[in-house]
Amino acid sequence: MMSQIKSTPDFANSREAAGVHERSIVQNTPVGDFLIITVEGDDPAASWAKIMSTMPPEFAEFAAEVHGLDVNAPPPPLPEMFFDSRA
1 MMSQIKSTPD FANSREAAGV HERSIVQNTP VGDFLIITVE GDDPAASWAK IMSTMPPEFA
61 EFAAEVHGLD VNAPPPPLPE MFFDSRA
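Just so we're aligned: 21 in my numbering is position 21 of the sequence shown, and the numbers increase by one with no gaps anywhere.
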C-alpha cells in the first residue's frame with residue numbers, strides 16, 4: 001500500500017484539496033516499523049476530518065487493519081508538541 005500511495009497522484013491531491021501538506025515517514029526500529037505523519041495547514045483538525053470523510057474504502061480498510069483507525073469514529077485528539085528546538 002505504501003508504494004501505491006507514493007505513485008498515485010490522487011493521494012497527494014486529496015491532501016491539497018483538504019488544505020494541508022502531509023509528510024509520512026517510516027522509522028525502522030528493532031521491534032518494527034513506526035509511522036510518523038506530519039500535517040501542516042491553516043486548520044489541521046478540520047483538514048484531517050475532511051481527509052477521513054473522503055477516504056477511499058480500500059484505504060480506510062488498510063488504515064483500520066494497520067493502525068486501528070476507524071474513519072467513522074470521532075477523530076482522536078491532535079498530538080501535542082512537547083519540544084521545538086527553534087521555539
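Ideal Cβ positions, reconstructed from N, Cα and C, are used throughout, including at glycine. Computed from a predicted structure; not experimentally measured.
- DSSP places D10 in the helix class (H, G or I) of the three-state scheme.
- Sixteen is the threshold: when 16 or more other Cβ atoms of the shown chains lie within 10 Å of the Cβ of A18, as they do, the residue is buried.
- No Cβ-Cβ contact shorter than 7 angstroms links E40 with H67.
- For S53, there are no CB contacts under 7 angstroms within the same chain when 5 residues up- and downstream are skipped.
- The alpha-carbon of K6 is positioned some 24 angstroms away from that of D43.
- For I37, the CB contacts under 6 angstroms within the same chain, skipping 5 residues up- and downstream, are S24 in chain order.
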